[in-house]
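Chains as they are written, first to last, in this note's numbering: chain W, 110 to 374; chain V, -9 to 212. Using N, Cα and C, we set each Cβ at its ideal position, and we do this for glycine too. As the structure is a computational prediction, the values presented were derived from the model and not from experiment.
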Amino acid sequence: MASFLHIFLSRILIFAAVLGVAIWPRASAAETPPVIAAASNLRFVLGDLADIFKRQTGLAVRLSYGSSGNITRQISQGAPYQMFLSADETYVRDLAAQGRTLDEGQLYAYGRIALFLAKGSRLADVNFPAGYGAAFAVPKQYRFAIASPVHAPYGRAAREALIHAGLWTVMQPSLLYGENVSQAAQFAASGSADGGIIAHSLALTLKGQGRGDFWLIPAAWHAALGQRMVLLQGAGETARKFYAFMGGEIAHKLLLQHGFMGRKS
Amino acid sequence: MNWMALELSLKLAAWTTLILLPVGIVVGRFLAWQKFRGKPVVEALVMLPLVLPPTVLGFYMLVALGGDSVIGQAYQALVGRTLVFSFEGLVVASVVFNLPFAIQPMQRAFEAIPVEVREAAACCGHKPWRMLWRIELPLAWPGVLTALVLTFAHTIGEFGIVLMVGGNVPGETQTIAIAIYDQVQAFDNASAGLMSAVLLVVSLLAISMTYFGTSFVGRRHD
Chain W
110 MASFLHIFLS RILIFAAVLG VAIWPRASAA ETPPVIAAAS NLRFVLGDLA DIFKRQTGLA
170 VRLSYGSSGN ITRQISQGAP YQMFLSADET YVRDLAAQGR TLDEGQLYAY GRIALFLAKG
230 SRLADVNFPA GYGAAFAVPK QYRFAIASPV HAPYGRAARE ALIHAGLWTV MQPSLLYGEN
290 VSQAAQFAAS GSADGGIIAH SLALTLKGQG RGDFWLIPAA WHAALGQRMV LLQGAGETAR
350 KFYAFMGGEI AHKLLLQHGF MGRKS
Chain V
-9 MNWMALELSL KLAAWTTLIL LPVGIVVGRF LAWQKFRGKP VVEALVMLPL VLPPTVLGFY
51 MLVALGGDSV IGQAYQALVG RTLVFSFEGL VVASVVFNLP FAIQPMQRAF EAIPVEVREA
111 AACCGHKPWR MLWRIELPLA WPGVLTALVL TFAHTIGEFG IVLMVGGNVP GETQTIAIAI
171 YDQVQAFDNA SAGLMSAVLL VVSLLAISMT YFGTSFVGRR HD
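Structure representation (structure tokens):
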């Protein structure tokens, strides 16, 4: 029995040693970078902006992407984000009413949506919107991706645009819903769906990567996607500086380049 | 390759395993040998996380640990930050959803120890604590090892609950599984593919090691 005990104990010790290495706390930095929650339509521009901000100030931020609705829910549950860049205005107003924010926030841009078709899409020869009614007459013959209209602002805008074009009823059975707009974009770009309505900012990036082409949907087809940002309760110095940076000229210029509309236009 | 996320996953798995080792031994041993009314209910409760969808568990965790709950508020008063969306919150959630993986194999292993062996040991005058160390644990060792490795591997693979109570915060709650999901959404198939491959190799190694370890012990019994 003694040898069993010996084997058992030595193995537990080895296991514990391996665990210990994994668990041992690292020497932590002076200040951990604040977490900034951002709507996922910002995915391809915010990383660049954070890099520029770091070069200018030497300060780092951590970025966490999701749909604005989900982020809002997390914040009202007490998520430790210091700043929130929303894809619409109502979520920020709701949080302000709950007392989770420092103020009403600030409008930093307007979002646009676009019809995106991946390279080789079966919908490439179908005229939008005129030919879509006939193409989607047979349910599920084609699959079409949008973000969830329930909690993703770009999904709501996509639904409004399809309603405006008179296509919502006929296309609804063929729709796929992304949890947020970049998942919808991923469906459309990977060919899992034949096409989709996604954020213009994402469509521009995808086209730049040679993954397909897009058609910008007129702004009049949907309610304006006012992109509002806000500092949350407990925001530190770095988050405040990043907020000011995001309201500044450099950020504005880069947002325009990435398919957003200016706050003045 | 997102090493920070992999490190976080390993850290989470290590903490979960370390906490569940004594819990599994105590509860597994208790359930193996004690007979009491309502035992099936207790056993069912232990198995529940295996049956429930991660979203259900995640939802209850949010309600139970969130900022409006008693636990959440007590934690916030003590530590000064919220329990949900933090690494500590993930550890709590992870311990709960791994209960069946830790307790079940240990319970079966303790059940397999013949009553005569324990009675003989008790006759020899062994105290309970000494019996546990000298007799029971060495015999139940394969079950204990299986439980530890299953817990470890399952924690690394968990996705739904981590997404719900963790909230995808890099360096805090963004585990490797969440990071892969994030990379796929960012159209970064190269990174997602690499991370998936690393995860596959790590998981395969962990499970092979258990089989190696337990087969070795098994042969010694022959």
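Can you check whether the CB of residue j is closer than 8 Å to the CB of residue i?
{"i": "Gly356 (chain W)", "j": "Tyr217 (chain W)", "result": "yes"}
{"i": "Val201 (chain W)", "j": "Arg349 (chain W)", "result": "no"}
{"i": "Ser193 (chain V)", "j": "Glu148 (chain V)", "result": "no"}
{"i": "Arg106 (chain W)", "j": "Pro258 (chain W)", "result": "The requested residue 106 (chain W) does not occur in the structure, where chain W is confined to residues 110 to 374."}
{"i": "Thr7 (chain V)", "j": "Thr141 (chain V)", "result": "yes"}
{"i": "Leu171 (chain W)", "j": "Pro143 (chain W)", "result": "First, the residue type needs correcting, since residue 171 (chain W) is Arg and not Leu in the sequence shown. Result yes, Cβ atoms of Arg171 (chain W) and Pro143 (chain W) sit closer than 8 Å."}
{"i": "Gln295 (chain W)", "j": "Gln175 (chain V)", "result": "yes"}
{"i": "Ala137 (chain V)", "j": "Phe87 (chain V)", "result": "no"}
{"i": "Pro327 (chain W)", "j": "Leu276 (chain W)", "result": "no"}
Are there 16 or more other CB atoms within 10 angstroms of the CB of residue i, so buried, or fewer, so exposed?
{"i": "Ile151 (chain V)", "result": "buried"}
{"i": "Lys117 (chain V)", "result": "exposed"}
{"i": "Leu40 (chain V)", "result": "exposed"}
{"i": "Arg265 (chain W)", "result": "buried"}
{"i": "Ile125 (chain V)", "result": "buried"}
{"i": "Gly287 (chain W)", "result": "buried"}
{"i": "Asn289 (chain W)", "result": "buried"}
{"i": "Leu190 (chain V)", "result": "exposed"}
{"i": "Tyr201 (chain V)", "result": "exposed"}
{"i": "Arg209 (chain V)", "result": "Confidence at Arg209 (chain V) is low in this model, with a pLDDT of 49, below 50, so the placement of that residue should be treated as unreliable; the coordinate-derived value is given next. Burial call: exposed."}
{"i": "Pro160 (chain V)", "result": "buried"}
{"i": "Phe354 (chain W)", "result": "buried"}
{"i": "Gln342 (chain W)", "result": "exposed"}
{"i": "Pro248 (chain W)", "result": "exposed"}
{"i": "Trp324 (chain W)", "result": "exposed"}
Using the beta-carbon of each residue, which ones in chain W are nearer than 8 Å to residue i?
{"i": "Lys160 (chain V)", "result": "According to the sequence provided, residue 160 (chain V) is Pro. The question's Lys does not apply to it. Residues of chain W passing the Cβ test: Val144, Arg171, Leu172, Ser173."}
{"i": "Leu52 (chain V)", "result": "Gln186"}
Interface residues of chain W around residue i at Cβ under 9 Å?
{"i": "Thr72 (chain V)", "result": "Gln186, Gly187, Ala188, Pro189"}
{"i": "Leu(-2) (chain V)", "result": "By Cβ distance, chain W contributes nothing, its closest Cβ being about 10 Å from Leu(-2) (chain V), past 9 Å."}
Counting only Cβ pairs nearer than 7 Å, list the residues of chain V close to residue i.
{"i": "Gln183 (chain W)", "result": "Phe75, Gly157"}
{"i": "Gln295 (chain W)", "result": "Val174, Gln175, Phe177"}
{"i": "Ala298 (chain W)", "result": "Phe177"}
Could you name the residues of chain V that residue i contacts, counting a contact when the two beta carbons are closer than 9 Å?
{"i": "Gln215 (chain W)", "result": "Those do not exist, as Gln215 (chain W) stays about 23 Å from chain V at its closest Cβ, beyond 9 Å."}
Output, in chain order, the set of chain W residues within a Cβ distance shorter than 7 Å of residue i.
{"i": "Gly57 (chain V)", "result": "Gln186, Gly187"}
Who are the neighbours of residue i on chain V, taking C-beta pairs under 8 Å?
{"i": "Arg152 (chain W)", "result": "Gln175, Ala176"}
{"i": "Ser149 (chain W)", "result": "Gln175"}
Just checking: is the beta-carbon of residue i within a distance shorter than 8 Å of some beta-carbon in chain B?
{"i": "Gln292 (chain W)", "result": "Absence of chain B from the displayed structure is noted, the protein chains being W and V."}
| request: Report yes or no: do three or more beta-carbon pairs, one from the segment 59 to 75 of chain V and one from the segment 120 to 128 of chain V, lie closer than 8 Å? | output: no
| task | At 3 residues or longer, and completely inside the segment 162 to 239 of chain W: list those beta strand (DSSP E) runs for me, N to C. | result | 171 to 175, 192 to 194, 215 to 220, 222 to 227
| said: Taking 8 Å as the cut-off, does the segment -8 to 8 of chain V touch the segment 324 to 340 of chain W (at least 3 CB pairs, one atom from each stretch)? | reply: no
| field | Touch test, the segment 253 to 270 of chain W against the segment 291 to 311 of chain W, Cβ-Cβ under 8 Å, three pairs minimum | value | yes
| message | For a minimum of 3 consecutive residues, which ranges assigned as the beta strand (DSSP E) are wholly contained in the segment 324 to 369 of chain W? | response | 334 to 340
| Using 8 Å as the Cβ pair cut-off and three pairs as the minimum, do the segment 87 to 100 of chain V and the segment 16 to 30 of chain V touch? | yes
| Do the segment 186 to 205 of chain W and the segment 147 to 155 of chain W touch if we need at least three Cβ pairs shorter than 8 Å? | yes
| request: Would you be able to state if there are at least three C-beta pairs under 8 Å between the segment 104 to 114 of chain V and the segment 46 to 58 of chain V? | output: no
| Complete alpha helix (DSSP H) runs within the segment 298 to 323 of chain W (minimum length 4 residues, chain order) | 309 to 317
| message | Restricting to runs no shorter than 4 residues, where is the alpha helix (DSSP H) found entirely within the segment 164 to 194 of chain V? | response | 166 to 175
| request: Flag this pair as touching only if the segment 361 to 369 of chain W and the segment 218 to 228 of chain W have three or more C-beta atom pairs under 8 Å; answer yes or no. | output: yes
| task | Note down, one range per segment and in chain order, each alpha helix (DSSP H) of at least 4 residues found wholly within the segment 39 to 100 of chain V. | result | 44 to 55, 60 to 69, 77 to 87
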